[in-house]
Amino acid sequence: MPSLLAGQIGSQLGLRCTQTQFEGTALAPDRRTQLLATAGMFRRVDYGLQGGAVIDFLHDDWFYKSNLVQLRAELGFLLTPYHEIGFRFTSALNSDVSEVVVTGASSLNSKLEALESYRGFYRFHFGACGLGVGELIAGSSEDKHTVLGLDLKIPVQDQIGMQATVTYLIPRNANDSYTQENWNISWGLVWTPGRGFGMARDYYRPLMDVADNGSFITRIVR
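Under the numbering used here, the first residue of the sequence shown is numbered 29, with each subsequent residue one higher.
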């Protein structure tokens, strides 16, 4: 939506809810519920520099409960209206100490926070009228893990599209890599009422997606 500076700056607000592990796991009998919210401002252009910054909030309720906040920002340079290179980072704004209750074991307290990451990206439009959007991502984290990602938005009909996202964090240490590995795969249909899906010159279309488990990666500090 239009925001400050006579419409030169746009604003965005979004919410994502997930519920998984319906039958519980060996760790805990409870299902997992996550609530993610994103709010921020951005500027889109036809050529040159564009960017934005958002605040992400995560409420995670499983065999632990935590409320975490991170800053996520990006700056990109449009080589043409259909090709962009840029840099994106995430930074933890708080930490949360939670009681971890695992089946068959004594409870303990763990400190969680968002993982700080630094990712370069190449964003491109494809398909008829450039309505499809793809993004290739590569970078690292504060713990020197490698982060790779792919995002595709493909129009299906006028106001309906498909979005697929893959993020994989490759641990640096081989000894206990299974405890540090993180990945996220999502696929879904997107409905954009009132406007066509993937409009190439929609200056107020949100620049960054609502946070998910690929853009909001958490870690145990202790």
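For each residue, glycine too, the CB sits at the ideal point set by N, CA and C.
Beta strand (DSSP E) containing residue i: first to last residue?
| i | result |
| --- | --- |
| Ile-37 | No beta strand (DSSP E) contains Ile-37, which DSSP labels as neither H nor E. |
| Met-69 | 60 to 71 |
| Tyr-150 | 145 to 154 |
| Tyr-196 | 188 to 198 |
| Gly-242 | From DSSP, Gly-242 is part of no beta strand (DSSP E); its letter is neither H nor E. |
| Glu-163 | 160 to 169 |
| Ser-134 | Element bounds for Ser-134: n/a, residue is neither H nor E. |
| Leu-77 | 76 to 89 |
| Arg-100 | 93 to 108 |
| His-111 | 111 to 120 |
| Asp-237 | Asp-237 -> no beta strand (DSSP E), and no H or E assigned at all. |
Give every residue of the same chain whose Cβ lies closer than 7 Å to the Cβ of residue i, excluding the five residues on either side of it in the sequence, and list them in chain order.
| i | result |
| --- | --- |
| Leu-217 | Ile-188 and Met-190 |
| Gly-76 | Phe-105 and Leu-106 |
| Phe-91 | Leu-55, Ala-56, Asp-58, Val-128, Val-129 and Val-130 |
Report the option in the options whose CA atom is closest to the CA atom of residue i.
| i | options | result |
| --- | --- | --- |
| Val-283 | Trp-219, Cys-157, Asn-241 and Ile-182 | Nothing about residue 283 can be reported from this structure: the residues present for the chain run from 29 to 250 only. |
| Gln-62 | Ile-213, Arg-72, Phe-117 and Thr-46 | Thr-46 |
| Ala-67 | Arg-59, Val-73 and Ala-81 | Ala-81 |
| Val-161 | Ala-192, Ser-168 and Leu-43 | Ala-192 |
| Asp-186 | Asn-212, Phe-225, Leu-180 and Asn-201 | Phe-225 |
| Leu-103 | Trp-211, Gly-114 and Leu-121 | Gly-114 |
| Ile-182 | Ser-168, Gly-167 and Phe-152 | Phe-152 |
| Gly-79 | Asn-212, Thr-174, Leu-197 and Phe-149 | Phe-149 |
Could you round the C-beta distance between residue i and residue j to whole angstroms and report it? I think they count as a contact, below 8 Å.
| i | j | result |
| --- | --- | --- |
| Leu-156 | Phe-244 | The question names Leu, but residue 156 in the sequence shown is Ala. Their Cβ separation, rounded to whole angstroms, is 33 Å, which puts Ala-156 and Phe-244 out of contact at 8 Å. |
| Ser-123 | Val-249 | 6 Å |
| Leu-136 | Thr-246 | At roughly 17 Å, the Cβ-Cβ gap does not stay under 8 Å, so Leu-136 and Thr-246 are not in contact. |
Run through DSSP, which three-state label would residue i get?
| i | result |
| --- | --- |
| Gly-224 | coil |
| Gln-208 | helix |
What does a CB cutoff of less than 6 Å around residue i pick up in its chain, not counting 5 residues either side in sequence?
| i | result |
| --- | --- |
| Asn-100 | Per the sequence shown, residue 100 should be read as Arg rather than Asn. Hits under 6 Å: Val-82, Asp-84 and Thr-118. |
| Thr-48 | Arg-60 |
| Glu-163 | Phe-149, Arg-151 and Asp-179 |
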